Amino acid sequence: MRCLAVHLPRLSTDRLSRKSAPSPDEAEAPFAVWAKLGGAERLTAVDVRAEAAGLVPGMAVADARAMRPALRLAEADLKADAELLGRIADWCRRFTPLAAADPPNGLLLDISGAAHLFGGEAALLAEVERRLATQGFAARGAIAPGPALARALARFSRRRHVAEGASGEELEAIAAGLPIAALDLDAAARQRLDRAGLRSLGDLLARPRAPLTARLGEEAMARLDAIACRRREPISPRFEAPDFMAERRFPEGLTRQEDIERTLRGLARELCLLLERHGVGARELEAVFYRVDGAVAHIETGTSRPLRDPDTIALLLRERLAVLAEEGLDTGYGYDVLRLGAARVERCDAPQEDLGLGKIDLAGRENARENAHDARLDDLVDRLGARLGPRRVLRAYPQASHIPELAVALRPASGPAPAAVEEAAPPPYLRAGVPARPLRLFERPEPIEAVALTPDGPPLRFRWRRLLHELAAYEGPERIAPQWWSAPENAATRDYFYVEDREGGRFWLFREELLGRESRPPRWFVHGLF
Amino acid sequence: MRRRIAALEAGGAPAPAAVPRDEGLSRLLDPGRGGLREALPARPTDAAAAAGFAFALALSRLRLRPQGGIVWIAEDMAARELGLPYGRGLQAAGLPPELLVLARTRRPRETLWAMEEALKSGAAVVIAESWADAGAYDLTASRRLALAARRGDCAGLLLLPRAAGAAQRFASAAEARFEIAAGAPPPRAEGAPRPLPGPPIFRLRVVKARGLVGAFDAQAWRDIVFDHQEAEFHGAPFHALPRRASAAPVDRPALAQKRAFA
Numbered sequence: 000m001r002c003l004a005v006h007l008p009r010l011s012t013d014r015l016s017r018k019s020a021p022s023p024d025e026a027e028a029p030f031a032v033w034a035k036l037g038g039a040e041r042l043t044a045v046d047v048r049a050e051a052a053g054l055v056p057g058m059a060v061a062d063a064r065a066m067r068p069a070l071r072l073a074e075a076d077l078k079a080d081a082e083l084l085g086r087i088a089d090w091c092r093r094f095t096p097l098a099a100a101d102p103p104n105g106l107l108l109d110i111s112g113a114a115h116l117f118g119g120e121a122a123l124l125a126e127v128e129r130r131l132a133t134q135g136f137a138a139r140g141a142i143a144p145g146p147a148l149a150r151a152l153a154r155f156s157r158r159r160h161v162a163e164g165a166s167g168e169e170l171e172a173i174a175a176g177l178p179i180a181a182l183d184l185d186a187a188a189r190q191r192l193d194r195a196g197l198r199s200l201g202d203l204l205a206r207p208r209a210p211l212t213a214r215l216g217e218e219a220m221a222r223l224d225a226i227a228c229r230r231r232e233p234i235s236p237r238f239e240a241p242d243f244m245a246e247r248r249f250p251e252g253l254t255r256q257e258d259i260e261r262t263l264r265g266l267a268r269e270l271c272l273l274l275e276r277h278g279v280g281a282r283e284l285e286a287v288f289y290r291v292d293g294a295v296a297h298i299e300t301g302t303s304r305p306l307r308d309p310d311t312i313a314l315l316l317r318e319r320l321a322v323l324a325e326e327g328l329d330t331g332y333g334y335d336v337l338r339l340g341a342a343r344v345e346r347c348d349a350p351q352e353d354l355g356l357g358k359i360d361l362a363g364r365e366n367a368r369e370n371a372h373d374a375r376l377d378d379l380v381d382r383l384g385a386r387l388g389p390r391r392v393l394r395a396y397p398q399a400s401h402i403p404e405l406a407v408a409l410r411p412a413s414g415p416a417p418a419a420v421e422e423a424a425p426p427p428y429l430r431a432g433v434p435a436r437p438l439r440l441f442e443r444p445e446p447i448e449a450v451a452l453t454p455d456g457p458p459l460r461f462r463w464r465r466l467l468h469e470l471a472a473y474e475g476p477e478r479i480a481p482q483w484w485s486a487p488e489n490a491a492t493r494d495y496f497y498v499e500d501r502e503g504g505r506f507w508l509f510r511e512e513l514l515g516r517e518s519r520p521p522r523w524f525v526h527g528l529f
Numbered sequence: 000m001r002r003r004i005a006a007l008e009a010g011g012a013p014a015p016a017a018v019p020r021d022e023g024l025s026r027l028l029d030p031g032r033g034g035l036r037e038a039l040p041a042r043p044t045d046a047a048a049a050a051g052f053a054f055a056l057a058l059s060r061l062r063l064r065p066q067g068g069i070v071w072i073a074e075d076m077a078a079r080e081l082g083l084p085y086g087r088g089l090q091a092a093g094l095p096p097e098l099l100v101l102a103r104t105r106r107p108r109e110t111l112w113a114m115e116e117a118l119k120s121g122a123a124v125v126i127a128e129s130w131a132d133a134g135a136y137d138l139t140a141s142r143r144l145a146l147a148a149r150r151g152d153c154a155g156l157l158l159l160p161r162a163a164g165a166a167q168r169f170a171s172a173a174e175a176r177f178e179i180a181a182g183a184p185p186p187r188a189e190g191a192p193r194p195l196p197g198p199p200i201f202r203l204r205v206v207k208a209r210g211l212v213g214a215f216d217a218q219a220w221r222d223i224v225f226d227h228q229e230a231e232f233h234g235a236p237f238h239a240l241p242r243r244a245s246a247a248p249v250d251r252p253a254l255a256q257k258r259a260f261a
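If you read the protein sequences in the order shown, they are chains S and R.
Take the first sequence: its letter number 186 is residue 185 in numbering that gives the first Met the number 0, and every next letter is one higher.
Take the second sequence: its letter number 239 is residue 238 in numbering that gives the first Met the number 0, and every next letter is one higher.
See below:
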């Protein structure tokens, strides 16, 4: 395993200096970030100039001000730092799909088998550092056979590259040269070791193991072993690399929408070959675009059935891309890496080919046509979902509830139907050609002004949206009480009326009465229209 | 000549020289007819009736294609004004909920796009409700939809609640355009108790019908009723208004299962 670790020593200050270019007279001033640590205001990060001026993280803000009156200060924002680090990790996936953020200010890349794409490990290391530097990040990288060693080298050593075939002794020798700080011990333990005259990892590695374990604890020893590459330690990538993916790299960035679409089509074809070889179909697709200048754009889209047809995939992605384009797809200097992956796959057997024997019974053909129809509807659902968003393409599932708004659940149509379909009460009452439930329901009932003749009767007239409606015919009341087992404190009973007004408008009204507080005048609502 | 060409374009046989009025209507409402149709309410308050008519039309077509479905495209603004299609209501009116796909759109442009996609795919009957004005829904847009409907051999119905009353001064490439109003209940004798509501009556005016030129008087209103059990339109009234009686049990689930397209 080959591992590339990157250390971003000035992540917090770089983040802020990148964001706002200081005015010329301020540009020369040292810059530092501070935070409140244990009741005292202390520096947490310093930029190059501040470091040159002798400021170090951990110093009290007052002291730093005293030393450098021109010091510019900003408050630390750990969340923004972490977010930025995550985004840099995303960006690093252009080098290898296995890239992870290593908080608070590092990155780990598994570059096994990826370095040759960039002309060898040394060239890759230089490329990573150069690209980060052009984006305004101070970065130091190191490549080693284990993540812990690479990480320690990037932070505490001048050595930047451990050759591929290094033996165990060589690795231990390299680890031995690192300072104790590489172990990340707490202050007390560090002090103890310091007092004992132990300054480097070599001093620890030379000691007998048992007493050291007793002093430092298992965890620190495990870290020591990891740095010396005595045990393997996998890195956890920020995103799992999809099992099925295809990618293209371009020396020059792509800027034209057609080119991007054509490339995606090509990638879809490659991906489908891969999927077919494994007998699966994609349920979730993810396309990632890496821009030359570091921005990363994601397109994700789900499908309602396992999909392995390049044209359909390309069509879906085009819809998503169209949405991006509407929002303003900023191609900048262009995209130089395009990657298409199937994030989730499901088994998908190839449809049985018609052997042309001409002996297909009618039922079979009928079935095939029905399947084709289902496939078309599924494709349509996917396409609509890709453009409108999957939460806007819905299917209605009846629920076992008598509360009108809970009797139907709208769920994304691309998702699976709820496993346990609740047996719904049979609602389709028809009386003389009149459905008993309205065709349209308001998302929230609209209050109306109504006057009823009798306390439990329908309103004689009511005013809804500033229009007066006179009652001509009605049916009701149908009392719907709240579900007593889950009713909130102020739940109310509703008496529903099916009402026709003089003009022929048909409404579903209800009168709401608070349980136990019947003395209050009832409130009236329009809940639906027929 | 022009009439014959129009009829051929609509995919039918050449129209006979004169179509009797009611035969014309039943041909127009023939569920086998595909293409793009529009429904406009006569007054803003009739928007719900127009939507009900659209649904009835889709339902009657669905009976011919039992394996089909309904794609209902509801724009946010229309949903705010009219509410969303209610699964239980549709179920009560004879549409099994699993046949419905509800797509919610934000803008008229999205609605028209979604409708075009749905028509092109030919997968289902398409109902779209759009708050579009003349700027968004013009000749070009309607032409695209009409072509998509023809390509997918599909029936689409566009509901334009915002254009209430504008059916007569409005140009589009649709096959047919209806202006819909809710049929008023018959007047009640003084002092009589308020009756039960009868079946909904649609007052209908055919403003445009390609291939059936001259069969309709664009000024004439006619009343029709949709029979949910047979999924057919009838001339109104096919039921006398029921008199008020004590409520009988009305849960009749067997009826739903007996539905024509079960």
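Positions of the beta carbon are idealized from the N, C-alpha and C atoms, including for glycine.
Just so it is clear, the structure is predicted and the values come from calculations on it, not from any experiment.
Quick check: residue i and residue j, are their CB atoms within less than 7 angstroms of each other?
i         : j         : result
Arg307(S) : Leu274(S) : yes
Pro411(S) : Cys347(S) : no
Leu42(S)  : Ala63(S)  : yes
Glu74(R)  : Thr44(R)  : no
Ala113(R) : Ile69(R)  : no
Glu128(R) : Ala165(R) : no
Ala92(R)  : His227(R) : yes
Leu101(R) : Leu393(S) : yes
Ala125(S) : Ala141(S) : no
Pro107(R) : Ala147(R) : no
Asp152(R) : Gly121(R) : yes
Pro481(S) : Ala472(S) : no
If we define contact as Cβ-Cβ less than 7 angstroms, is residue i a contact residue for chain S?
i         : result
Ser59(R)  : no
Val100(R) : yes
Glu116(R) : yes
Arg96(R)  : What sits at residue 96(R) in the sequence shown is Pro, not Arg. Yes - at least one Cβ of chain S is within 7 angstroms of the one on Pro96(R).
Arg103(R) : yes
Restricting to Cα atoms, I'd like to know which of the options is closest to residue i.
i         : options                                    : result
His160(S) : Gly280(S), Ala399(S), Leu3(S)              : Leu3(S)
Leu28(R)  : Arg106(R), Ser59(R), Ser120(R), Pro199(R)  : Ser59(R)
Pro103(S) : Glu82(S), Pro457(S), Val336(S)             : Glu82(S)
Glu178(R) : Leu211(R), Ala117(R), Arg42(R), Leu35(R)   : Arg42(R)
Glu218(S) : Ala188(S), Pro444(S), Phe117(S), Phe30(S)  : Ala188(S)
Arg221(R) : Ala230(R), Ala208(R), Phe232(R), Phe201(R) : Phe201(R)
For residue i, would you say it is in contact with chain R, using Cβ-to-Cβ distances shorter than 7 angstroms as the test?
i         : result
Trp523(S) : no
Leu383(S) : yes
Ala472(S) : yes
Asp360(S) : Reliability of the predicted coordinates at Asp360(S) is poor, the pLDDT of 47 falling under 50, and the value obtained from them is presented with this limitation in mind. No, because no Cβ of chain R sits closer than 7 angstroms to the Cβ of Asp360(S).
Gly475(S) : no
Ala321(S) : no
Arg394(S) : yes
Gly532(S) : Given a span of 0 to 529 for chain S in the structure shown, any question on residue 532(S) remains unanswerable.
Pro397(S) : yes
Gly504(S) : yes
Arg465(S) : no
Pro434(S) : yes
Ala245(S) : no
Please compile the residues from chain R whose C-beta is within a distance smaller than 9 angstroms of the C-beta of residue i.
i         : result
Phe529(S) : Ala47, Ala48, Gly51, Gly88, Pro196, Pro199
Output, in chain order, the set of chain R residues within a Cβ distance shorter than 8 angstroms of residue i.
i         : result
Gly301(S) : Within chain R, no residue comes near Gly301(S); the closest Cβ sits about 15 angstroms away, beyond 8 angstroms.
Val450(S) : Neighbours of Val450(S) on chain R: none; closest Cβ ~15 angstroms, over 8 angstroms.
Residues of chain S with a CB under 9 angstroms from the CB of residue i: which are they?
i         : result
Leu83(R)  : Leu409, Arg439, Leu440, Phe441, Glu442
Ser120(R) : Arg375, Leu376, Asp378, Leu379, Arg382
Phe54(R)  : Leu438
Against residue i, what residues of chain R qualify as contacts under a CB-to-CB distance less than 7 angstroms, listed in chain order?
i         : result
Tyr497(S) : Pro196
Arg501(S) : Ala183
Ala533(S) : Beyond the ends of chain S as shown, which are 0 and 529, falls residue 533(S); an answer cannot be given.
What does residue i touch in chain S if you count any residue whose Cβ is under 8 angstroms from its own?
i         : result
Glu109(R) : Arg386, Leu387
Gly68(R)  : Leu376
Margin query: Tell me which residues of the region 436-448 of chain S have at least one Cβ-Cβ distance to chain R shorter than 7 angstroms, keeping chain order.
Written below: Arg436, Pro437, Leu438, Arg439, Leu440, Phe441, Glu442
Check: Which of the residues in the region 181-193 of chain R, read from start to end, lie with their CB under 8 angstroms from any CB of chain S?
Finding: So the close ones are Ala181, Gly182, Ala183, Pro184, Arg187, Arg193.
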